[in-house]
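Read in order, the letters of the sequence shown are residues 1 to 589 in the numbering used here. Below: one structure, written as structure tokens.
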Amino acid sequence: MTNPAGAARSATGLRGKALAAITSLLLAAALMSVVIDGGSAGASAGTDAARAVSYASSHGYRTSIGVFDTQTGRFSGAGDYNSTYASESVVKVFIATRLLMTGQMSGWNETTAYKMITQSDDASANALYGRTGGDGVITWIKQTFNLPSLGSPPLSPGWWGSTRITARGMALFYNAVKNRASVWPWLANAMHHATRYGSDGQFQFFGIPSATTGSGVKQGWGNDNAAGQAAFNSTGFVNGDRFAVVILTQGGVYGWPIANMVTAEARYLMPGGRISSDSPEGTVDSLTLHGNVATVRGWSFDPNSTGSRIKIVVHVNGALAAYAPTTVSRPDVNAAYNITGTHGYAIAFRLSDGVKNVCVYATNLGAGVNRTLGCRSLNLTGAPLGAVDPVPLRANVATISGWTYDYDVPTYSLKAVVYVNGRLAAYGLTTVPSPAINTSYGITGAHRYSFKVRLPDGANRVCVYGINRGPGFNSTLGCRLVTLSGSPLGRVDSISVTKPAVATITGWTYDYDLPAQALKTVVYVNGHLAAYGPTTVNRTDVNSVYGITGIHGYSFSVGILPGANQVCVYGINTGPGANTTLGCRPITD
């Protein structure tokens with residue numbers, strides 16, 4: 001993508017431009033299908049770069065890669081990174097830098113420069129090239145930033161795409177401008193807003209943008225080297241702008257074949273979508289509480305020894321709280337980074353009440369430094385923990401049970417209070433043994449509660465509260481909605497033929513709205529009324545189970561027809577509710 005200031009375009013340049021426009025759509029699709037060969041993740045950016053260069057070289061491409069760690073000041077490279085390549089449109093960052101450093105970046109100049117960087121627009125570069133020194137712009141950049149290895153002026157005078165650059169020099173240049181307040185904010189913003197397609201229709205997201213996310217790039221493409229070969233360059237910043245990356249490649253077929261090769265190189269360089277450094281990689285995935293026991297989970301590995309476990313250290317409010325090696329299997333991490341070993345961690349530690357800042361660190365192996373994996377905040381209020389079990393009913397008596405404990409006094413029984421529809425219904429201490437809770441939270445004592453509460457007909461909101469001891473406040477352990485219909489309870493115990501054409505039906509029924517009263521019971525045979533009357537049989541077993549008094553059993557003898565019969569019994573409701581089917585049975589005479 002080159003265009004001279006005031007000079008005629010060469011035949012090769014025209015051919016490159018035409019191919020760019022024709023193949024842009026093919027390139028966008030083809031980039032999605034590039035397959036990277038296997039192999040272990042590199043121990044550092046240098047070894048990953050070497051793998052990338054080896055892959056390209058084995059396919060007949062000349063290439064070089066430069067990576068500069070702006071955090072540690074370390075350069076890593078592979079290929080002939082001190083040799084020059086045609087810059088193509090990468091030279092446009094020099095034009096923008098000189099405009100910025102000479103106070104010319106405003107008005108029309110700025111609008112034009114922004115299009116030049118984001119869309120790699122040639123006409124914009126042509127218009128600004130002379131204003132920034134023309135062929136001397138690279139010499140000015142070299143002197144200003146003291147970068148003797150950056151490169152040299154164009155092979156063809158006035159043809160800015162044939163400016164020569166080195167991978168090492170460009171990586172050092174990007175580090176230099178990142179530290180130059182007059183340049184970095186504007187240039188970084190423009191590079192991070194590079195469009196997917198250049199102004200000539202060329203797909204710009206080959207190389208770095210196809211291998212990672214969040215990059216800021218300046219790409220270049222053309223054939224402005226001495227050999228007239230295709231030249232595609234991918235340069236910019238990755239890993240949150242920590243690393244400056246330069247991939248310079250020439251050879252092969254212009255368009256999508258060489259662009260795909262640059263993408264393959266970028267993916268070799270950034271296994272898992274990031275530059276590998278000597279310091280550990282990793283994350284904090286979660287920080288959870290179980291009582292006052294926090295558990296931090298995540299993963300980490302050291303690129304210098306990918307198969308080894310490393311030590312994870314946890315600090316709480318700046319003080320050491322726990323440490324442990326990576327002992328949790330993380331096949332997802334191994335697959336993403338193409339490594340082996342055990343790289344997950346899960347570390348538990350107790351916390352006191354209050355706001356806690358939990359920070360997790362990975363301990364470095366060999367070269368590099370320890371790394372902060374992440375920090376999370378928690379607030380422990382000191383309030384009780386607990387839960388409410390599902391609420392079973394026996395008639396209108398609900399059994400409300402669950403558990404609660406206060407981790408400030410974990411061996412003490414705690415008071416639990418029950419409210420029904422906003423009114424106090426029951427309270428008492430946790431007196432029921434709780435072995436499962438004790439094992440889960442590592443505590444002792446009795447922490448379960450159980451209350452029996454009579455409920456009125458209709459929908460009832462049952463809420464249970466744990467009463468705090470020590471620091472903190474009372475807790476809502478949970479609420480349940482319990483609905484009573486008000487209809488009679490009961491059942492059919494037996495239906496038997498006691499003599500020809502006669503069946504005897506026995507059972508019981510009562511209405512908990514009037515639990516001491518006898519209840520009317522009705523018998524139907526084959527859909528026709530056969531018998532009715534109050535409950536007249538004493539059922540002490542029913543009274544004992546439901547805690548009631550009165551006579552609640554029934555016994556009827558009814559006539560039946562020869563053959564199959566269907567017998568149904570109903571309890572007749574009193575007060576709120578509806579009649580209840582106590583049961584239906586088939587019987588054959």
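Just so you know, even glycine gets a beta-carbon here, dropped at the ideal spot from N, CA and C.
Over the uninterrupted alpha helix (DSSP H) stretch that includes residue i, give me the two end residues.
i	result
V53	45-58
G107	107-118
F145	137-145
S514	Ser is not the amino acid found at residue 514; the sequence shown has Leu there. Where L514 is concerned, there is no enclosing alpha helix (DSSP H), given that its DSSP letter is neither H nor E.
T97	92-101
L429	Careful: L429 lies outside any alpha helix (DSSP H), inside the beta strand (DSSP E) at 423-429.
D122	122-129
S544	540-546
Take residue i as the anchor and find which of the options has the nearest alpha-carbon.
i	options	result
D80	Q204, V355, L489, Y61	Y61
G490	A78, A395, F473	A395
V355	C375, H343, N379	N379
R196	V217, N304, A188	V217
G273	A50, I467, V567, V333	V333
G136	A123, A125, S120, P154	P154
V246	F75, I548, K520, T506	F75
N73	L172, G134, L287	Residue 73 is actually Gly in this sequence, not Asn. Among L172, G134, L287, the Cα nearest to that of G73 is on L172.
S305	H343, A564, G214, P456	H343
S485	L514, P576, G366, D353	P576
G169	G236, V502, F206, K452	G236
I505	I587, G470, N538	I587
W508	G550, R423, D48, Y55	G550
R242	I548, V67, K92	V67
How would you write the range of the beta strand (DSSP E) that residue i sits in, first residue to last?
i	result
P435	Note, P435: premise wrong, no beta strand (DSSP E); alpha helix (DSSP H) at 435-441.
Y570	564-571
F301	293-301
P586	580-588
A266	Where A266 is concerned, there is no enclosing beta strand (DSSP E), although the alpha helix (DSSP H) it sits in stretches over 256-269.
S286	281-290
W221	216-222
P534	528-534
T476	475-484
F556	553-559
G79	74-79
I505	502-510
In whole angstroms, give me the CA-to-CA distance for residue i and residue j.
i	j	result
N421	D406	26 Å
Y85	L150	11 Å
D408	L414	11 Å
N175	G161	22 Å
I437	V293	14 Å
V567	N573	20 Å
S308	I258	37 Å
A398	H552	21 Å
S24	I141	Low confidence applies here, because S24 scores a pLDDT of 38, under 50, leaving its location unreliable; read the following figure in that light. Going by the C-alpha atoms only, they are around 32 Å apart.
T118	T363	40 Å
Y512	V391	18 Å
T599	Y524	Outside the displayed range of the chain (1 to 589) lies residue 599, so it cannot be described from this structure.
D122	V262	22 Å
N239	N109	31 Å
Y449	G466	10 Å
V314	A321	6 Å
F94	A324	49 Å
A501	A564	11 Å
Measuring only from the beta carbon, is residue i closer than 8 Å to any heavy atom that is part of the ligand GDP?
i	result
W160	Summarising the ligand content, the structure contains no ligands, and the ligand GDP is consequently not present.
For the putative contact between residue i and residue j, defined by C-beta atoms under 8 Å, what is the C-beta separation to the nearest angstrom?
i	j	result
Y254	A230	4 Å
A562	D589	This sequence places Pro at residue 562; Ala is not what is there. Going by Cβ atoms, the distance from P562 to D589 rounds to 5 Å, so yes, they are a contact pair.
T404	L385	7 Å
T163	I138	6 Å
V464	V388	5 Å
A383	F473	5 Å
A518	T498	The Cβ separation is near 23 Å, so there is no contact.
L128	W186	That belief does not hold up - the Cβ atoms of L128 and W186 are roughly 14 Å apart, past 8 Å.
I312	I275	At roughly 22 Å, the Cβ-Cβ gap does not stay under 8 Å, so I312 and I275 are not in contact.
Report the start-end ranges of each beta strand (DSSP E) in the stretch 329-399 that is 3 residues or longer and not cut off at the edges. The DSSP assignment places complete beta strand (DSSP E) segments of no fewer than 3 residues inside the stretch 329-399 at 344-350, 354-362, 371-380, 385-388, in order along the chain.
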